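In our numbering, the protein residues as written are 4 to 256. The beta carbon of each residue, even a glycine, is placed where N, CA and C say it ideally should be. The structure displayed is predicted, hence computed values, not measured ones. To start, the structure under review is shown below, and the notes come after it.
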């Protein structure tokens with residue numbers, strides 16, 4: 004979520020909505036009556052100096068997001084750019100935002116959703132090309148160099164890597180770890196002292212029976228790729244606002 008620490012309220016709403024829907028960890032064991040405790044980890048970006056700092060996510064927003072997801076609402080699945088948690092995101096001197104990417108890995112799929120909000124630059128200042136996708140059009144290096152950083156350089160990129168492969172807890176943890184390579188490919192410098200980069204990973208298969216080493220190797224490589232691609236997607240999908248320009252505005256003529 005956006006909103007810095009205030010945005011953590013959204014996790015409370017998500018947890019309550021999951022409880023209402025009967026989802027969560029069965030405290031007394033599966034199939035036995037008793038409370039279920041939804042496990043809802045959360046991460047936020049610092050965006051309080053872009054836009055209205057008092058306009059932040061609430062518990063109601065978190066509950067609404069879970070309700071929409073449980074109902075199969077496709078709106079969130081197509082969100083990109085300066086939307087949702089990415090409304091106040093910046094990527095260096097440019098607007099950041101929400102980005103998504105997916106790649107097939109044999110019979111499985113690996114996907115990533117990120118909120119690109121790094122202190123570092125997503126653009127090579129010498130060439131004007133995106134670090135994460137130099138095949139895209141270059142920006143005008145003069146106009147890019149003239150842009151000023153937002154008031155406070157306190158950032159953080161967050162996201163989630165997901166796969167439908169039947170990965171174990173240890174294996175899905177590796178996907179989260181390797182996903183950080185994608186941040187390092189798309190942002191320079193990455194993982195700075197002013198960032199608190201956080202990636203979660205989830206397996207959506209009904210059974211966590213595990214995959215063999217070769218498959219895990221391929222899934223791990225894909226995790227880094229989709230995070231890299233999602234970061235690029237966030238930046239190229241962003242629109243200008245709140246006094247911060249975007250990638251599309253400064254493309255080379």
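(message) I'd like the list of long-range same chain contacts for residue 152, defined as Cβ closer than 6 Å, with 5 residues on each side in sequence excluded.
(response) 96
(request) Report yes if the C-beta distance between residue 241 and residue 100 is below 8 Å; otherwise report no. (result) yes
(request) For residue 4, collect the residues of the same chain with a Cβ closer than 6 Å to its Cβ; drop the 5 residues on either side in sequence, then sort them by chain order. (result) So the qualifying residues of the chain are 10, 13, 47, 60, 88.
(message) Only counting the same chain, and skipping five residues up and downstream in sequence, which positions put a Cβ closer than 7 Å to that of residue 208?
(response) 167, 168, 169
(request) Classify residue 146 as helix, strand or coil using the three-state DSSP reduction. (result) helix
(message) Beta-carbon within less than 7 Å of residue 189's beta-carbon, same chain only, minus the 5 sequence neighbours each way: which residues are those?
(response) 125, 134, 135, 231, 234, 235
(request) Under 8 Å by Cβ, that's how I've got residue 200 and residue 159 pegged, so tell me the actual separation to the nearest angstrom. (result) 6 Å
(message) Quick check on residue 73: buried or exposed, where buried means 16 or more other Cβ atoms within 10 Å of its Cβ?
(response) By the neighbour-count rule (16 or more Cβ atoms within 10 Å), residue 73 is not buried but exposed.
(message) Using C-beta distances below 7 Å, list every residue in its chain close to residue 1, excluding the 5 sequence neighbours before and after it, in chain order.
(response) One cannot answer for residue 1 here, as it falls past the ends of the chain, which runs 4 to 256.
(message) So residue 65 and residue 8 are supposed to be a Cβ contact under 8 Å. How far apart are they, rounded?
(response) With a Cβ gap of about 14 Å, residue 65 and residue 8 do not count as contacting.
(message) Taking the beta carbon of residue 20 as the centre, do at least 16 other beta carbons fall within 10 Å, making it buried, or is it exposed?
(response) buried
(request) Could you pull out every unbroken alpha helix (DSSP H) segment of at least 4 residues lying fully inside the stretch 172–216, listed in chain order? (result) 172–189
(request) Please classify residue 65: does DSSP put it in a helix, a strand, or coil? (result) helix
(request) Go ahead and pull the three-state DSSP assignment for residue 229. (result) helix
(message) Using the Cβ count rule (16 or more neighbours within 10 Å means buried), how would you classify residue 161?
(response) Classification of residue 161: buried, given that the 10 Å Cβ count is 16 or more.
(request) Under 8 Å Cβ to Cβ from residue 247, same chain only, skipping five residues before and after it: list those, please. (result) The residues are 53, 93, 96, 97, 98, 153.
(message) Let me make sure I understand the geometry here. Which of 57, 23, 80, 91 has the alpha-carbon closest to that of residue 243?
(response) 91
(message) Within the continuous beta strand (DSSP E) that includes residue 102, where are the two ends?
(response) For residue 102, the enclosing beta strand (DSSP E) has its first and last residue at 100–108.
(message) For a test of the three-state rule: what should DSSP assign to residue 75, helix, strand or coil?
(response) coil
(request) Please classify residue 239: does DSSP put it in a helix, a strand, or coil? (result) helix
(request) Just tell me which of 238, 224, 245 has its CA closest to the CA of residue 106. (result) From the listed residues 238, 224, 245, the smallest Cα separation to residue 106 is found for 224.
(message) Taking a contact to mean a Cβ-Cβ separation below 8 Å, would you say residue 229 touches residue 203 in this structure?
(response) no
(message) Using only the alpha-carbon positions, how far apart do residue 33 and residue 137 sit?
(response) 50 Å
(message) By alpha-carbon positions, which one of 174, 30, 129 ends up nearest to residue 217?
(response) 174
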